[in-house]
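Peer 1: Sharing a structure with you now.
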Amino acid sequence: MRSATLAAALAALLLAQSVYAQTAPAAAASKGETVLQALKRMGATRYIEILDASKATEAPNTTVLAASNEAIDDYLNENRMTMDDVKKREALADRIIGYTVILDGDKDIISEIKKGEVKYLPTYNIGWAIEAKRDGDGKLTFTDAGGDDVTVDDGQAKARKAGLVFVVDELLLPGNIFERFNDFRFDVLLPNHTRHEQELFETFKTLVRRAGVTRERVHDMTIFVPIDDAFKAVGITPASVEALSPEKAFEIISYHAIHGYEPIPTIKAGQPIPTVLQIDGKNQTIKLDYAINKTDKGAVGSAFVIDQLGNKAAVLAPNWFAGTMTVHAIDKVLLPTKNFLPAAAPAAPAAAAAPAKKEEKKDDKKAEQKASGRRLLLVAPASR
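According to mature numbering (1 follows the signal peptide of the UniProt record, and there is no 0), the sequence shown holds residues -21 to -1, 1 to 363 in order.
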């Protein structure tokens, strides 16, 4: 069952995260107002800044859950980011705006939610849903992919003809924006609304901890993160990582990392890209390649990473984010040289991680705790 679920999850990741960005539309006017006018009237100026950075366009019959200025500042402070960090990451802004715009379609799905009912609402961040539940008093609570929630009063919903605009006290985030830089968990929501926890990046997370990587060390980097099955294929597991030296663990990470914000598909194909890894004083490189696959639903873009040995890894899910770090999930481990990886050996007993800053240790401990929320990925996302 797990392998079938995992296959479905990866298929959904690929479909839901096309390498060709889909700019999220903002909601249409409410009572004759444009979304921008409504947001300005409601004081959501920080959300407007992110809206502008996403280059969103207006669309009819949508509901916007715009975060208040205070909520956005809380998110930025927690991740040690500035608004400029968001503005220069159009894909991140697009993820945020897309997830806070609900696809109403031809129905007023908000007002149709009955007392005691739970629904999963499709958003313009394709594949990622928001949970909506109405309590006995008629109040509506929205819960995001990480388990954070906000309660609103939608008593005026029926009076609005073309869409709703709420300003809420929490920035609702999809599963492809991780809450912490060193935690990569999400749940798959199957069509029958059963959940299966997915921890596809446990080996990489163990490497991060073993190497003593801090948030500052990966600030403003783009990392191609192999899934667990990719590491397993070359004999590396979370347990065996504990046998590595912190230096070797960081070498493996650093060959998968490049400096700066590098979203897909803006990385140029075929051009050597210096990674963080240096051997004999020379930065080792990778390359990107792209392909267009024709399906019965149209053309779908695919991206690949090519290492120095010519091995090609498929990008399973591009443009995920953890603070200022950009994450692209891939299906193979990248190798700069033939003998780069250690020979397979029995896993050593758990060893202490390399020293890290006290504040970062708190982050690591927090990441190891059971996730309180759900990173909801719809295996069968609603059609647009």
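Idealized CB from N, CA, C, for every residue including glycine.
Which of the three DSSP states, helix, strand or coil, is assigned to Gly77?
Peer 2: helix
Peer 1: In this structure, what does DSSP give as the bridge partners for Thr61?
Peer 2: Answer by DSSP bridge pairing: none, since Thr61 is not bridged.
Peer 1: Since Ala190 is in the alpha helix (DSSP H), which residue starts that stretch and which ends it?
Peer 2: From DSSP, Ala190 is part of no alpha helix (DSSP H); its letter is neither H nor E.
Peer 1: Is Ala308 buried or exposed, if buried means 16 or more other CB atoms sit within 10 Å of its CB?
Peer 2: buried
Peer 1: Please state whether DSSP places Ser281 in a helix, a strand or coil.
Peer 2: strand
Peer 1: Could you name the residues of the same chain whose beta carbon sits closer than 6 Å to that of Ile237, not counting the 5 residues immediately before and after it, in chain order?
Peer 2: Thr201, Ile252 and Thr254
Peer 1: Assuming Asn298 and Pro242 form a contact by the criterion Cβ under 8 Å, report the distance between their Cβ atoms to the nearest whole angstrom.
Peer 2: 5 Å
Peer 1: Who are the near neighbours of Met60 in its chain, counting only those whose CB is closer than 7 Å to its CB and skipping five residues on each side?
Peer 2: Gly302 and Thr303
Peer 1: Let me check understanding here. Comparing Cα to Cα, which of Leu256, Ala292 and Glu181 lies closest to Leu267?
Peer 2: Ala292
Peer 1: Would you list the residues sitting across from Arg113 in a DSSP beta bridge?
Peer 2: Leu119
Peer 1: Between Ala322 and Ala46, what straight-line distance do the alpha-carbon atoms span, to the nearest angstrom?
Peer 2: 50 Å
Peer 1: Considering Cα atoms alone, identify which of Ile265, Asp259 and Ile231 is closest to Gly249.
Peer 2: Ile265
Peer 1: Would DSSP call Val14 helix, strand or coil?
Peer 2: helix
Peer 1: Which two residues bound the contiguous beta strand (DSSP E) that contains Val97?
Peer 2: Val97 to Pro101
Peer 1: Whose CA, out of Ala124, Glu96, Gly126 and Phe300, lies closest to the CA of Lys118?
Peer 2: The shortest CA-to-CA distance from Lys118 to any of Ala124, Glu96, Gly126 and Phe300 is the one to Glu96.
Peer 1: Whose C-alpha, out of Ile51, Asp116, Val192 and Asn58, is nearest the C-alpha of Glu158?
Peer 2: Nearest option by C-alpha distance: Asn58.
Peer 1: Using three-state DSSP, classify Ala331 as helix, strand or coil.
Peer 2: Low confidence applies to Ala331: its pLDDT is 46, below 50, so where it sits in the model is not reliable, and the reading given next is rough at best. Note: Ala331 maps to coil in three-state DSSP.
Peer 1: My understanding is that Asp132 touches Glu149, with C-beta atoms under 8 Å, so please give their C-beta distance in whole angstroms.
Peer 2: That pair is no contact at about 15 Å.
Peer 1: Where in the stretch 197 to 243 do unbroken runs of the alpha helix (DSSP H), each at least 4 residues long, occur, reported from the N-terminal end onward?
Peer 2: 207 to 212, 217 to 220 and 225 to 234
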